[in-house]
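Novice: In UniProt numbering, the protein residues as written are 1 to 159.
The beta-carbon is built from N, C-alpha and C at its ideal position, and this holds for glycine as well.
All figures in this text were calculated on a predicted structure; none of them were measured in a lab.
Below are the structure tokens for one structure; questions will follow.
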Amino acid sequence: MEVKSRHHLRSDEIGELTATIEDALGVDVDGDTYERVDLVGTEFDLVLVDGDPTVFFVDGDPFLTVRGANAYPPERRVVTVDAGAVQFVSDGADVMRPGIVEADDDIAVGDLVVVVEETHGKALAVGRALEPGSDMVGDSGKVVESVHHVGDELYEFSV
1 MEVKSRHHLR SDEIGELTAT IEDALGVDVD GDTYERVDLV GTEFDLVLVD
51 GDPTVFFVDG DPFLTVRGAN AYPPERRVVT VDAGAVQFVS DGADVMRPGI
101 VEADDDIAVG DLVVVVEETH GKALAVGRAL EPGSDMVGDS GKVVESVHHV
151 GDELYEFSV
């Protein structure tokens, strides 16, 4: 991934960014430095918090990256998958109903969500909800479209 530009965020930009993430996920992203990185050839831009790619912008909205979700485990918008789904989700597959063991009831269609594994609660992917959280557990169908996952270019990004 090629960096187009980098600049430090102003305090008002930091406040807006952290408030948006806290409202969506219930976590306080706390750091000393916040630097926006505009990338070439990708739909995402990153925010490095203390040098780590913690936040990315999806359709203009800030959300935690997989690494960010592991550093700041979200309290809301979480979809938990069983051990059988881990390999598929980690490889970028969309999330299917049979692999889901639990989902936040407040998830709405179109929301960005964090997909975590059941055993340790580690984030595997970020995706877009195709169904409300209350309808995610079941027998068949795709319910979360993968946007970013462990091992993709965004996950591997380093300064």
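Among G133, S146, Q87 and A123, which has the Cα closest to the Cα of T54?
Specialist: Position 54 of the sequence shown, counted from the start, is the residue given in the question as residue 54. Ranking G133, S146, Q87 and A123 by Cα distance to T54 puts A123 first.
Novice: Which residues does DSSP pair with V3 in a beta bridge?
Specialist: Residue 3 sits at position 3 when you count from the first residue of the sequence shown. Answer is L39.
Novice: My assumption, with CB atoms under 8 Å, is that V101 sits in contact with V144. Please give the rounded CB distance.
Specialist: Residue mapping note: residue 101 aligns to position 101 of the sequence shown, counting from 1. Residue mapping note: residue 144 aligns to position 144 of the sequence shown, counting from 1. Rounded, the Cβ-Cβ distance is 13 Å, inconsistent with contact.
Novice: CA-CA distance, E156 and D45?
Specialist: Position 156 of the sequence shown, counted from the start, is the residue given in the question as residue 156. Position 45 of the sequence shown, counted from the start, is the residue given in the question as residue 45. Rounded to whole angstroms, E156 to D45 spans 14 Å at the Cα level.
Novice: Where H120 and E16 are concerned, what is the direct C-alpha to C-alpha distance, given to the nearest angstrom?
Specialist: As a working note, residue 120 is residue 120 in the sequence shown. As a working note, residue 16 is residue 16 in the sequence shown. Rounded to the nearest angstrom, the two C-alpha atoms are 31 Å apart.
Novice: Taking the alpha-carbon of V3 as reference, which of A71, V66, T65 and R36 has the nearest alpha-carbon?
Specialist: What you label residue 3 is simply residue 3 of the sequence shown in a count that begins at 1. With distances taken between Cα atoms, V3 lies closest to R36.
Novice: In terms of residue numbering, what span does the beta strand (DSSP E) encompassing A123 cover?
Specialist: Locating residue 123 in the sequence shown gives position 123, counting from the first residue. It spans A123 to A129 - the beta strand (DSSP E) in which A123 sits, taken as one unbroken run.
Novice: Hey, out of D59, P132, D50 and V137, whose CA is closest to S158's CA?
Specialist: Taking the first residue of the sequence shown as position 1, residue 158 is located at position 158. Selected option, being the one with the closest Cα: D50.
Novice: I'd like to check one pair, R77 with G138: are the Cβ atoms closer than 8 Å?
Specialist: The residue you call residue 138 lines up with position 138 of the sequence shown. The residue you call residue 77 lines up with position 77 of the sequence shown. No, the pair does not count as a contact, with Cβ atoms beyond the cut-off.
Novice: If you reduce the DSSP assignment to three classes, tell me which class I107 lands in.
Specialist: Within the sequence shown, the letter at position 107 stands for residue 107. Coil.
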